[in-house]
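Chains as they are written, first to last, in my numbering: chain A, 133 to 477; chain E, 133 to 477; chain H, 133 to 477; chain X, 133 to 477.
Number of protein chains: 4
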Amino acid sequence: MFSFRNDYSELCHENILKKLAENNHAQFDGYSDDVASKRVISQLKTILDNQDVDIHFLSGGTQTNLVAISTILKPYQGVIAADTGHIATHETGAIEATGHKVITVKAENGKIKPYMIKSVIDEHYSDDSREHATQPAMVYISNPTELGTVYTRDELADLKTICKAYDIPLYMDGARLAQVLANKDTNISLKDLPNLCDLFYIGGTKNGALFGECLVISNENYKKDFRYNLKQRGALLAKGFSISLQYEALFEDDLYIKLGAKSNKNAKYIADELKKLNIKFLVPVESNQLFPILDNKLIEKLRKEYLFYTWQIIDENNSAVRLCISWDTPNEIVKKFIEDVKKYI
Amino acid sequence: MFSFRNDYSELCHENILKKLAENNHAQFDGYSDDVASKRVISQLKTILDNQDVDIHFLSGGTQTNLVAISTILKPYQGVIAADTGHIATHETGAIEATGHKVITVKAENGKIKPYMIKSVIDEHYSDDSREHATQPAMVYISNPTELGTVYTRDELADLKTICKAYDIPLYMDGARLAQVLANKDTNISLKDLPNLCDLFYIGGTKNGALFGECLVISNENYKKDFRYNLKQRGALLAKGFSISLQYEALFEDDLYIKLGAKSNKNAKYIADELKKLNIKFLVPVESNQLFPILDNKLIEKLRKEYLFYTWQIIDENNSAVRLCISWDTPNEIVKKFIEDVKKYI
Amino acid sequence: MFSFRNDYSELCHENILKKLAENNHAQFDGYSDDVASKRVISQLKTILDNQDVDIHFLSGGTQTNLVAISTILKPYQGVIAADTGHIATHETGAIEATGHKVITVKAENGKIKPYMIKSVIDEHYSDDSREHATQPAMVYISNPTELGTVYTRDELADLKTICKAYDIPLYMDGARLAQVLANKDTNISLKDLPNLCDLFYIGGTKNGALFGECLVISNENYKKDFRYNLKQRGALLAKGFSISLQYEALFEDDLYIKLGAKSNKNAKYIADELKKLNIKFLVPVESNQLFPILDNKLIEKLRKEYLFYTWQIIDENNSAVRLCISWDTPNEIVKKFIEDVKKYI
Amino acid sequence: MFSFRNDYSELCHENILKKLAENNHAQFDGYSDDVASKRVISQLKTILDNQDVDIHFLSGGTQTNLVAISTILKPYQGVIAADTGHIATHETGAIEATGHKVITVKAENGKIKPYMIKSVIDEHYSDDSREHATQPAMVYISNPTELGTVYTRDELADLKTICKAYDIPLYMDGARLAQVLANKDTNISLKDLPNLCDLFYIGGTKNGALFGECLVISNENYKKDFRYNLKQRGALLAKGFSISLQYEALFEDDLYIKLGAKSNKNAKYIADELKKLNIKFLVPVESNQLFPILDNKLIEKLRKEYLFYTWQIIDENNSAVRLCISWDTPNEIVKKFIEDVKKYI
């Protein structure tokens, strides 16, 4: 039985354990104030081509989102997100628990467009009694989106432009950022991101780390006293070095992007082969998640050997399923999967 | 330079990395719903001699405290804690950020006594206008305390009795629980704890884990829907198995208690030797933290080779310092430290 | 210039000021613990035909909603509401500020139907990973709705039945409850409400009081320690008697329902007359708010003598406007308004 | 039976009811955006001799405190208050419910001194790991204090100076501000206050209003979007004019200060007479609250005719009681009270 359920099903890349072993029994200061974390932050600043960003290490994605968003918003402000966005649907009201409304817009293939932001904000301020509604005050996107689609560099730039026009920040959830960076069609490299976003995170958990996310703050307004926020939300790990050392391993020899590329490639292989079989997709395949629309009988047969989620019922006979390809998914497995589809179809 | 600053300065015990390596490339379900986590939970229930407890894995201590406390309290309720308690002093208002007051009592050597609880609650309910003040509704202790002192089994039982009399739960922060279990004077074993506390956690970060804490809920009232709370606060790790596997290693062959015993023993060695030199202590030495009162000139000399915190200024010439002995502190270092003290005194 | 903008444009009914004057210079205990409040509560219990309800006086509607809802929900729970509901659209995220998501359903003419509740809850619990989303745990309705439509007794009973089946409470915002009680088609009297709702409020501000709302709690689970919640949210007025005395006036000689009937009648008069002129309405007219769809040129002319809000643009030439008829709107004004419409049309 | 329990036991001054009656049946816009509120705000700006302040009307003291404080603080910041302060002791954790710690200092006769503020802040920032504790970021005082003592103009100026040095705002709770203004020893007039405080409120509830408080914001930083905060916390009354009209009455012909002076004078009369009888006081009598230390037998006898609170047990035979003199307390009553004391002593 092989699982296509998640890209966080396996512990971590070999180099991570190797890096930890090499540094074992050394002594480090607590709370990310140690030499290893400082070294890794310095390396990341070089990779980001920006010496002014602030960099923090957190333990998971929901935590990173809630700390980042609650840092920025005033009590009566809310964050604009896609109706399919992770903070709107899959974080148990984590943002609301910090006191803020998630203001949803109907997304297209999981993506927010500038006109949607404009519409929400214009409507808010056109109202006579604006203080009677939550003030829209930042934009949350994830790249790739919940549906595996990606924003290109131009699309990000357009979002940033509209945000800037309204003087609100753009925050990008990069839980699967590796797949964006590895997809050349996006034309995005890490060094573009501090200019395109006010804050974003470089996801570790879903791309080979044991655990951990790396938050980058480029907007000067949100840097001050950020460690207070981290500590208050339980996000300032005593052994910060246990995360930063993993990032050192992930960014040696481009490992981070290579792992993203591998999962993208295997996803594309499956997509291309399924298309040859005239199988349609719910949304375009642009990263490591695919949503093919399959005959329910085929699904039933595949389930005997593969684990995956049903995403959406399409009609009486067909459903869209989600296949999530991991950095660790062997090439042979994706080949076997296609052979099995051909066999069962 | 050797650091006595913390017991979380080193990555982790060898067995942890070994356990992770052994399990690498296996596939696990997400969010602690995997076979490894289930197996470890089953082992821990046996060790706790209680099949009814619920067990959850979290990433750090502040997170565990804030999730546990916010689970229990209604909006207008507060938690009673020592004025020196971690949640009162060193968590940046994490409890208040979930909406609740920390009601402090003046502790004795870091410890809360039953009469203090009685006094706070009686005073609250004797008032004509009780709804004008925060309702005291649970008790937080840490064992060992912030000052390294420990509650014995009898003392815990007395706290539990008074809590039960008032129908409020007792929650124990066990960040350094290994040192309590390893201190035979406490007469506490793990299997006592589900009866003595309504919730408690078995700390990993400070006793050899890479990161992670293990929360045990024995009171039936607080079990339902607890995973919602975990998720909402960013505490439900996608790779829950990355923590549970560490606990498997920690509880094989009594490693957890052995590491606690080692740090206790080294702390006791230093304490005994310093006492021979007529050095006094701020509070009795009962676990792996010591607070000797040293001459400032001696402190200055020791700082050339050792890192440690000044805890409290005693008088013009003397200060209490904190020495925190780790599970990984070599025996040779504590011997050398005593030799250096003798040399410099 | 006459304003049809709101039903809270005039200070209060004469009897309110009379009642206050009669009781001036008497001494009352603070925080609603006085003889007047006790007497009024006793009268209201008789009117509600229920000696077991708890009754509290608050200063406004948003306050009442946020106190009631935050009393009931656990941190990870949310409240189901119409997408047009007041708490979803016009309270500046007041519910989110207490930590809770408002889970919206697409309403029909402003009303929630049992199947909508069923759908939200079934979907939540059918999901494998339910703890990844906010748990739907209570239902908020307002009667009349934001669009002036009303729930009948049978409709309320159906909502209560589905809530009971899922073991979640039904809370009714009665800011304009007088208009429901005065509309005989609803078949609702005050004494039905403790059985039909777990909590509800009898609105004062919009029906002749100077200010104030009266919350009734019939579900035993939410009564305990409710005054703590009131105090914490700034809703326990020092001079509670300044509200309860107003309710005494409002419920003498059926004044409350008479005022509701008067505004309903004037609204119906306008509706009937406009229908004769072939004017359509956005939603059926069932209480004191009307949403006629008018030609923009007519709107322009009417604005010279009347104040009212444009509610929705229908097409290039027509808009729905909102006319809100107050308890204090003179009969002559509504007649004059119709004459003016006839003149300008 | 006469009550000395509170200064909010009586409905309101005649002029308030008169003012309301005069304005009845007029139409006003909602949410304090009406002509009456604008007129009163303009009058108050003239009285405050400051055209730049923002003025808002709220319904009660706890509400005003929680809105003002939660407006200013970032999530990880706390407010410094006297350990006897209202927000620390008598508001059911209202500030904590908005997410913020109340950082208490041991007050002298209810008053905070500049050195206390300095000490809290210096200690916070001297710590290596300041982000591990709540950041002290504003100062709350009430004038008069909970013990009826008053801050003079010089004392306020000193507090403001230290706050300014640390770049944090000073907020003054003026629930009983009339008594400060009426006490010439304070040398404070209303027009001093915008310079001495960043925010303060002019209390109505305890000085003759039916209900209501008036918040003045002089610091530019806290003005923007304040109405959003009001609305979100349930503090933006639909009929804002029901409060502002009361303030119009209170500030006509100096009524506000006259009422304060009357209660001060009656309090002073009692104090002077009791002193002649060698009765001691818990703290100096400086406003309308007195805390005489009386023999328990005398207390028992007085309780047959007067209601008042026991404040503190002094020894086996004596207790400090609180007498609170209202704007409406008749002169004859205070005379009779003294006669009764003389009779019973």
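Ideal placement from N, C-alpha and C gives every residue a C-beta, glycine not left out.
is_contact[residue i, chain X] using C-beta, thresh 9 Å
{"i": "valine 234 of chain H", "result": "no"}
{"i": "glycine 231 of chain A", "result": "yes"}
{"i": "histidine 188 of chain H", "result": "no"}
{"i": "histidine 83 of chain E", "result": "Only positions 133 to 477 of chain E appear in this structure, which leaves residue 83 of chain E out of reach."}
Where residue i falls: helix, strand or coil (DSSP)
{"i": "serine 395 of chain A", "result": "helix"}
{"i": "proline 424 of chain X", "result": "strand"}
{"i": "isoleucine 201 of chain E", "result": "helix"}
{"i": "cysteine 144 of chain E", "result": "coil"}
{"i": "leucine 439 of chain E", "result": "strand"}
{"i": "glutamate 278 of chain E", "result": "coil"}
{"i": "histidine 218 of chain H", "result": "helix"}
{"i": "cysteine 295 of chain X", "result": "helix"}
{"i": "tyrosine 283 of chain H", "result": "coil"}
{"i": "glutamate 418 of chain X", "result": "coil"}
Nearest-angstrom Cα separation, counted from residue j out to residue i
{"i": "valine 252 of chain X", "j": "alanine 341 of chain E", "result": "36 Å"}
{"i": "asparagine 339 of chain E", "j": "threonine 281 of chain A", "result": "43 Å"}
{"i": "asparagine 147 of chain E", "j": "glutamine 311 of chain A", "result": "33 Å"}
{"i": "asparagine 327 of chain X", "j": "alanine 393 of chain X", "result": "24 Å"}
{"i": "isoleucine 470 of chain X", "j": "aspartate 286 of chain X", "result": "34 Å"}
{"i": "glutamine 195 of chain X", "j": "leucine 347 of chain X", "result": "11 Å"}
{"i": "leucine 198 of chain A", "j": "glycine 231 of chain A", "result": "10 Å"}
{"i": "leucine 430 of chain X", "j": "isoleucine 187 of chain H", "result": "39 Å"}
{"i": "phenylalanine 136 of chain A", "j": "serine 374 of chain E", "result": "19 Å"}
{"i": "isoleucine 244 of chain X", "j": "alanine 265 of chain X", "result": "21 Å"}
{"i": "leucine 391 of chain E", "j": "serine 321 of chain E", "result": "15 Å"}
{"i": "alanine 452 of chain H", "j": "threonine 236 of chain A", "result": "26 Å"}
Test: residue i CB closer than 9 Å to a CB of chain H
{"i": "threonine 105 of chain E", "result": "Past the edges of chain E, shown from 133 to 477, lies residue 105 of chain E, and the structure says nothing about it."}
{"i": "histidine 145 of chain A", "result": "no"}
{"i": "proline 424 of chain E", "result": "no"}
{"i": "leucine 368 of chain E", "result": "yes"}
{"i": "leucine 152 of chain X", "result": "yes"}
{"i": "arginine 435 of chain X", "result": "no"}
Bridge partner(s) assigned by DSSP for residue i
{"i": "isoleucine 212 of chain A", "result": "A:Ile235 and A:Val271"}
{"i": "glutamate 345 of chain H", "result": "H:Leu190 and H:Gly335"}
{"i": "glutamate 240 of chain A", "result": "A:Lys243"}
{"i": "serine 164 of chain X", "result": "Note: serine 164 of chain X sits in no beta bridge, so no partner."}
{"i": "alanine 452 of chain A", "result": "A:Ile425 and A:Gln444"}
{"i": "leucine 302 of chain H", "result": "H:Val271"}
{"i": "phenylalanine 413 of chain X", "result": "X:Pro424"}
{"i": "phenylalanine 134 of chain X", "result": "X:Tyr438"}
Amino acids of chain B, ordered along the chain, whose beta-carbon sits closer than 8 Å to that of residue i
{"i": "arginine 359 of chain E", "result": "Annotation note: the requested chain B is absent from the structure, which comprises protein chains A, E, H and X."}
Chain A within 9 Å of residue i, Cβ atoms only
{"i": "alanine 226 of chain E", "result": "yes"}
Exposed unless 16 or more other CB atoms sit within 10 angstroms - verdict on residue i
{"i": "methionine 484 of chain E", "result": "Because chain E spans 133 through 477 in this model, residue 484 of chain E falls outside it and cannot be assessed."}
{"i": "serine 174 of chain A", "result": "exposed"}
{"i": "tyrosine 257 of chain E", "result": "exposed"}
{"i": "threonine 293 of chain A", "result": "exposed"}
{"i": "isoleucine 249 of chain A", "result": "buried"}
CB contact check: residue i to chain E, cutoff 9 Å
{"i": "threonine 216 of chain X", "result": "no"}
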